[in-house]
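A.B. asks: Would you mind keeping the following structure in view while I ask a few things?
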Amino acid sequence: MTSSKINDSDLRKQFLQYLNQPELCEQFYIYMKSEHLAYVLEFYLACDGLRNLLDDTSKQGAIIELIYKHYLSNGKYLSSSSKTKFSLSDDLILSIKQRLIKHEYNLKFYDQAQEYVLKYMLQMCYPKFLIEQQQKEENELKKHQLLNTPKFSPMHKRSMTSRKKDVFEQLKQKNNQRILK
Numbered sequence: 016m017t018s019s020k021i022n023d024s025d026l027r028k029q030f031l032q033y034l035n036q037p038e039l040c041e042q043f044y045i046y047m048k049s050e051h052l053a054y055v056l057e058f059y060l061a062c063d064g065l066r067n068l069l070d071d072t073s074k075q076g077a078i079i080e081l082i083y084k085h086y087l088s089n090g091k092y093l094s095s096s097s098k099t100k101f102s103l104s105d106d107l108i109l110s111i112k113q114r115l116i117k118h119e120y121n122l123k124f125y126d127q128a129q130e131y132v133l134k135y136m137l138q139m140c141y142p143k144f145l146i147e148q149q150q151k152e153e154n155e156l157k158k159h160q161l162l163n164t165p166k167f168s169p170m171h172k173r174s175m176t177s178r179k180k181d182v183f184e185q186l187k188q189k190n191n192q193r194i195l196k
């Protein structure tokens with residue numbers, strides 16, 4: 016692979032670092048919301064919180080049930096757009112549901128679900144987001160350049176300068192003629 020291209024591992028690291036920075040994560044969330052995919056990111060973050068932020072394991076079961084109810088029950092898609100339907104694999108949802116029925120609160124299936132969602136975002140969402148961000152930056156740069164660009168091109172400036180000199184010279188000559196008279 017060439018050095019100019021980011022490999023999958025580097026892209027994954029970059030994306031995970033991006034998500035761990037609140038302001039950048041918020042930018043990505045706004046993008047996902049505009050694409051009707053906010054639930055995808057929310058589900059990913061809920062799973063991440065379950066794995067990384069839950070200190071009290073006695074609450075684990077209740078939170079797992081809440082995540083299931085909010086994001087996965089009733090065959091819910093994790094997207095609200097008809098053009099970008101996305102959900103977890105049926106096998107994974109079935110495994111999670113069966114464990115919940117048995118009151119087995121194993122994080123393994125949520126880890127798998129989170130990984131599934133991460134791969135989707137890495138393949139389908141994050142590259143488009145980066146392109147959109149780059150286009151926004153380029154547009155801002157163009158706007159800035161337009162605002163700071165003189166109204167006349169350098170060629171016009173030269174001709175304006177020479178016109179100014181001509182006009183000034185004519186005024187000087189007229190003034191000199193008046194003085195001589």
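Under the numbering used here, the first residue of the sequence shown is numbered 16, with each subsequent residue one higher.
For glycine and all other residues, C-beta sits at the position ideal for the given N, C-alpha and C.
Can you tell which of S110, L93, N67 and G64 has its C-alpha closest to the C-alpha of M136?
C.D. replies: Within the sequence shown, the letter at position 121 stands for residue 136. When each option's Cα is compared against that of M136, the closest is L93.
A.B. asks: At a cut of 8 angstroms, does the stretch 130 to 148 reach the stretch 40 to 49 through at least three beta carbon pairs?
C.D. replies: yes
A.B. asks: Looking at Y59: is its Cβ nearer than 8 angstroms to the Cβ of L133?
C.D. replies: Position 44 of the sequence shown holds residue 59. Position 118 of the sequence shown holds residue 133. The answer is yes: Cβ separation under 8 angstroms.
A.B. asks: Look at the alpha carbon of N22 and the alpha carbon of Q32, and state the distance between them as a whole number of angstroms.
C.D. replies: Reading the sequence shown from its first residue, position 7 is the one you call residue 22. Reading the sequence shown from its first residue, position 17 is the one you call residue 32. Their Cα atoms are separated by approximately 15 angstroms.
A.B. asks: Just to confirm the assignment, what range does the alpha helix (DSSP H) spanning D63 have?
C.D. replies: Numbered from its first residue, the sequence shown carries residue 63 at position 48. Where D63 is concerned, the enclosing alpha helix (DSSP H) stretches over A53 to N67.
A.B. asks: Give a yes or no on contact between the stretch 116 to 130 and the stretch 62 to 80, applying the rule of three or more CB pairs nearer than 8 angstroms.
C.D. replies: yes
A.B. asks: Rounding to the nearest angstrom, what Cα-Cα distance links S104 and I111 in this structure?
C.D. replies: Taking the first residue of the sequence shown as 1, we reach residue 104 at position 89. Taking the first residue of the sequence shown as 1, we reach residue 111 at position 96. Cα-Cα distance, rounded: 11 angstroms.
A.B. asks: Please confirm if Q150 has its CB atom under 8 angstroms from at least one CB of chain D.
C.D. replies: The structure shown contains no chain D; it is built from a single protein chain.
A.B. asks: Rounded to whole angstroms, what is the Cα-Cα separation between S19 and L26?
C.D. replies: Here residue 19 refers to the residue found at position 4 when the sequence shown is read from its first residue. Here residue 26 refers to the residue found at position 11 when the sequence shown is read from its first residue. Residue placement at S19 cannot be trusted, given a pLDDT of 44 that sits under 50; what the coordinates show is reported in the next sentence. Cα-Cα distance, rounded: 13 angstroms.
A.B. asks: Cβ of L107 within 8 angstroms of Cβ of Y131?
C.D. replies: Here residue 107 refers to the residue found at position 92 of the sequence shown. Here residue 131 refers to the residue found at position 116 of the sequence shown. Yes, these two residues count as a Cβ contact at 8 angstroms.
A.B. asks: In whole angstroms, what separates the C-alpha of Q234 from that of Y54?
C.D. replies: With the chain covering 16 to 196 only, the question about residue 234 has no answer from this structure.
A.B. asks: In whole angstroms, give me the CA-to-CA distance for A77 and D71.
C.D. replies: Here residue 77 corresponds to residue number 62 of the sequence shown, with the count starting at 1. Here residue 71 corresponds to residue number 56 of the sequence shown, with the count starting at 1. Distance between the alpha carbons of A77 and D71: 11 angstroms.
A.B. asks: Please report the straight-line C-alpha distance between Q185 and R193, rounded to a whole angstrom.
C.D. replies: The sequence position of residue 185 within the sequence shown is 170, counting from 1. The sequence position of residue 193 within the sequence shown is 178, counting from 1. Taking the straight line joining both Cα atoms gives about 12 angstroms.
A.B. asks: How is N121 classed by DSSP in three states: helix, strand or coil?
C.D. replies: Within the sequence shown, the letter at position 106 stands for residue 121. Coil.
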